Structures are given as structure tokens and as C-alpha cells.
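According to the working numbering, the sequence shown is numbered sequentially starting from 6.
Just below is one structure, and these are the notes that go with it.
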Amino acid sequence: MAKEKAEGSQDAGTTDDDALRCTVCEHRISERAYRIEMQGAHEHTFVNPGGFAYRIGCFAAAPGCAHTGPTEAAFSWFPGWSWQVAPCAKCRSHVGWIYRLAGQQFHGLILDRLR
């Protein structure tokens, strides 16, 4: 699991206050305790090749996500890491991406699609 710097040592999933939920269906996507830093920050703003801007947060795990579509290396916001779309496992709304590199992984979740 990718862990440049974990932000918190509490046990993930201990309280509902830590839950980060899909704004569409309220499905539990991740936990605040899973926040990590990648490239020196937890939060990043990126623009995809289509011109859409996303404000994402990096998380060590997002058990409420599914993974769909091909794994891509092109246009990765994290050089060297491949990515795959990560929709909500319940409603299938797009909530982020999973990034993988040499057996490690983390999720980049779209912050305005979580509550």
C-alpha cells in the first residue's frame, strides 16, 4: 500500500464520523483515517486531457469503490503510476481512481463527490 506519509494513527472504521460517503447514494467509500500524502500533499487539483478539473484527495484505501475499465498508464497525474476508474460500488457514480505501481496502490478520490 502506498504510504508516503500517513495522517493519523487511529483505527480506520471505528466511528461513523470518520466515514467518507458517496454524495449520490451515501455508500461508505473510505475513512478520514486512510488519508495519505502523495507527491508531498494529501490534496491535489488536476486537469484531464478533456479539460475537466478535479480536486482529489489521496487515500491508502477505499473499500467502497469498485474498479472498472482498462488500467491506463497514459496521462497519469502521478508519474509512473497506472490508473483505473473507481466508481462507487453501490450506485456506480464516478468517485475517483485507483493508482498502482509495483505492487503498491492508493486511491485518488474526487473530494466534491464525497461527504
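By construction, the Cβ of each residue, glycine as well, lies at the ideal position given by its N, Cα and C atoms.
It should be emphasised that the depicted structure is a prediction, and the values quoted were computed from it without experimental measurement.
Query, Result
"Segment contact, 8 Å Cβ cut-off, at least three pairs: the stretch 80–95 with the stretch 35–42", "no"
"Residue of Gly-55, Ile-41, Phe-51, Ile-115 minimising C-alpha distance to Pro-92", "Ile-115"
"Reference Arg-118; option with closest CA among Ala-107, Cys-70, Tyr-104, Ile-41", "Cys-70"
"Supposed close pair Trp-82, His-49 - CB separation, criterion 8 Å", "7 Å"
"Buried versus exposed, by CB contacts within 10 Å (16 or more), Cys-27", "buried"
"Among Glu-31, Val-90, Glu-42, nearest to Ala-65 - alpha-carbon criterion", "Glu-42"
"Secondary structure of Ala-65, DSSP reduced to three states", "coil"
"Exposure of Cys-63, with buried meaning 16 or more beta-carbon neighbours within 10 Å", "buried"
"Start and end residues, beta strand (DSSP E) containing His-72", "His-72 -> no beta strand (DSSP E), and no H or E assigned at all."
"CB of Cys-96 within 7 Å of CB of Val-29, strictly", "yes"
"CA-to-CA distance, Gln-109 to Gly-56, given in whole angstroms", "28 Å"
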